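Engineer: Residue numbers (this note's numbering): 1 to 117. Cβ coordinates follow ideal geometry from the N, Cα and C atoms, glycine included. These figures come from a predicted structure and were not determined experimentally.
1) Which of the three DSSP states is assigned to residue 29 in this structure?
2) Thinking just about the alpha-carbon of each residue, which of 30, 54, 79 is nearest to the one in residue 6?
3) Okay, do the region 51-68 and the region 95-113 touch, 3+ Cβ pairs below 8 Å being the bar?
4) Quick one: using the 10 Å Cβ neighbour count with 16 as the cut-off for buried, is residue 149 buried or exposed?
5) Excluding the five sequence neighbours on either side, which residues of its own chain have a C-beta within less than 8 Å of the C-beta of residue 41, listed in chain order?
6) Which value, in whole angstroms, describes the spacing of the CA atoms of residue 37 and residue 97?
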C-alpha cells in the first residue's frame, strides 16, 4: 500500500509531556475508522522528529480545488458538506473534536470524495 509520511521537526520532542500528548492524540485518531476520515497507520518519534504514516490521498486539498475552480456548484458543495459532516459526527460520537476545520485540512480522493485530516 502507498502511504504519505508527515515529518514534524520540533524541539518539543525533548518534552516528555508533549510526546505523551502527541501519542495520545495519534492513538485516538488511529482508532477512528470512517470513509471520510484520513486513515492513520502509524506514528512515533525519533530524535527531534515526530512522524505520522497515513493513507495517501492523491486529489489535493479542498483549498487547492476551490482556488483552481473558483465557485462550486450547489450539488458539489452539498456532497462535500454531507461527507465532512458525517466524518465529524463519527469523530464527535467517539469524543474527538477536530479543532482546525478548514479547506486546507480536507483532502479529495481520486473520485472527488472529501477526506477529513
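Structural biologist: From the atom records:
1) helix
2) 54
3) yes
4) Limits of the chain in this structure are 1 at one end and 117 at the other, which puts residue 149 out of reach.
5) 3, 30, 53, 54, 55
6) 13 Å
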